[in-house]
RNA sequence: GUGGAUGUAGCUCAGGUGGUUAGAGCACCAGGUUGUGGCCCUGGGGGUCGGGGGUUCAAGUCCCCUCAUUCACCCCA
């Protein structure tokens, strides 16, 4: 077990194989889809100046209580990024991407940090894949990012994800709704839970997704009754486009989201195999964000996806990197020949392994049986005659192959083996 | 931040009412085959029994504290 002071900090973990390779496979799958949709990969720093996140979520738990904020030796106020959207927005402003050919499509994949109490599928360091689409107000932009996210989830093996969506309105219609909502809940303040009384003052919209006061909220005013025409048309078009693409999507009138930079569209996808309220990905439209960070105002939509959760929700893990497929075993005195042969096979694109523990042939073959499909046996009279033994570890059959024909022979064998 | 459960080998776990050198299975290593794995047999390495304190002649076992893990709440990916 070891000493506690030398273990991973709470809420973090080491990714060992095969999980580590599964993450890599998910990274490739996600970025492949993003590239097909035309998204460029952006890598922002893992920490930012704290105001980048503060500006974006002043009233959210994420930046208020859950961020890893620190002052470095030079006195800079820094924060480990708790989410991707604000950091990408900062980059968008900093690099003047408002003048790039529009729209601008950016995606990211990397660790995020939140200081929460860890539990199933929630970590203090977790990996998110996300995409941000700048420069389009069109509902098709919302539909595009939703479809990118669902394609990733679906092709990762979690079939037919169901998107929940809502519109929290715009500057025109949201204040009217908020007013009605505050009035409604103020009248019933006495029967609200403690948290909701705080929400009532700080972030009234969040009253909608309280899990305790479900009865009360049933009668609360519905956003849909307050949408302006433009907002109504927008969400209708988003749902229409996503639906037309064959993706299940339905409105959840109680869906509002934790970050307070959203405008109009918010969406989320969960999964029964995870906790009921645990989201696989979530996102929305945030037309005011770039302006809040001092840049040109620009419409934008995006999402963040929890890779740790996605992998743990998959019925079968993503295809992990395979172990070395060829093991070059050697007879006593031929360890260097085996070492060099393995190297030359790697140069030819094969995954090869050779013993460097000075083990007996028996021990080498035992090891080979675990990590390879073919074992080469180097040494003895065969080697002197210019051949190498090739043993099929599954079948138990063995042939002698001339050394100069070996590479081609192996390539063919492994090809067939794969198919 | 709040509440519950759990901490014995790398992993999964045994260790009634406290009693000599703490066990098993799997995994790992070696031998049984002077050059051939997967099965079998034999042997071996490996443990601050989470940590600290207390009760006792004696604590893995009882008590207290602490740390960690885990599940739920909160919130989120």
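Residue numbers (this note's numbering): 44 to 462.
Where is the CB? At the ideal position from N, CA and C, for every residue including glycine.
{"Query": "To the nearest angstrom, report how far apart residue 116 and residue 91 are at their CA atoms.", "Result": "15 Å"}
{"Query": "Is residue 452 helix, strand or coil by DSSP?", "Result": "helix"}
{"Query": "Reducing DSSP to helix, strand and coil, say where residue 254 ends up.", "Result": "coil"}
{"Query": "Along the chain, where does the alpha helix (DSSP H) that runs through residue 69 open and close?", "Result": "62-79"}
{"Query": "With a 10 Å radius around its C-beta and 16 neighbouring C-beta atoms as the bar for buried, classify residue 44 as buried or exposed.", "Result": "A caution first: residue 44 carries a pLDDT of 47, below 50, which makes its placement in the model too unreliable to give a value."}
{"Query": "From 360, 388, 398, pick the residue whose C-alpha is nearest to that of residue 372; which is it?", "Result": "398"}
{"Query": "Can you check which of these residues, 165, 129, 166, 426, is closest to residue 379 by C-alpha distance?", "Result": "426"}
{"Query": "Go through its chain and collect everything with a Cβ distance to residue 385's Cβ below 6 Å, but skip five positions before and after it.", "Result": "371, 395, 397"}
{"Query": "Where does residue 310 land, buried or exposed, given buried means 16+ other C-beta within 10 angstroms?", "Result": "buried"}
{"Query": "Going by DSSP, what residue range makes up the beta strand (DSSP E) through residue 292?", "Result": "292-294"}
{"Query": "Looking at the structure shown, is residue 393 part of a helix, part of a strand, or coil, going by DSSP?", "Result": "coil"}
{"Query": "I need the DSSP call for residue 321, collapsed to helix, strand or coil.", "Result": "coil"}
{"Query": "Can you give, in chain order, each stretch of the beta strand (DSSP E) that sits fully within the stretch 89-158 and has at least 3 residues?", "Result": "90-92, 112-114, 120-123, 147-156"}
{"Query": "For residue 182 versus residue 280, is the C-beta spacing smaller than 8 Å?", "Result": "yes"}
{"Query": "I'd like the ranges of any alpha helix (DSSP H) spanning at least 4 consecutive residues and lying wholly in the stretch 333-378.", "Result": "350-356"}
{"Query": "Grab the span of the alpha helix (DSSP H) containing residue 226 for me, first residue to last.", "Result": "217-230"}
{"Query": "Mind checking residue 234: buried by the 16 CB within 10 Å criterion, or exposed?", "Result": "exposed"}
{"Query": "Using 10 angstroms around the beta-carbon of residue 89, count the other beta-carbons present and answer buried if the total reaches 16, otherwise exposed.", "Result": "exposed"}
{"Query": "Let's see if you can read the secondary structure: which residues bound the alpha helix (DSSP H) around residue 187?", "Result": "182-199"}
{"Query": "Quick one: Cα of residue 462 to Cα of residue 433, how far?", "Result": "Note that residue 462 has pLDDT 41, beneath the 50 cutoff, so the model's placement of it is unreliable and the number below is only indicative. Near 20 Å, if we compare the C-alpha coordinates of residue 433 and residue 462."}
{"Query": "Could you tell me the distance, in whole angstroms, from the CA atom of residue 271 to the CA atom of residue 53?", "Result": "46 Å"}
{"Query": "Closest by CA to residue 113, which one among 141, 122, 360, 259?", "Result": "122"}
{"Query": "On the three-state DSSP scale, how would you describe residue 259?", "Result": "helix"}
{"Query": "Quickly, what does DSSP pair residue 442 with across the bridge? List them, please.", "Result": "433"}
{"Query": "Can you tell me which of the three DSSP states residue 83 falls into?", "Result": "strand"}
{"Query": "What is the DSSP secondary structure of residue 171, reduced to helix, strand or coil?", "Result": "strand"}
{"Query": "CB residue 431 to CB residue 446, shorter than 8 Å?", "Result": "yes"}
{"Query": "Beta-carbon within less than 7 Å of residue 130's beta-carbon, same chain only, minus the 5 sequence neighbours each way: which residues are those?", "Result": "87, 91, 95, 124"}
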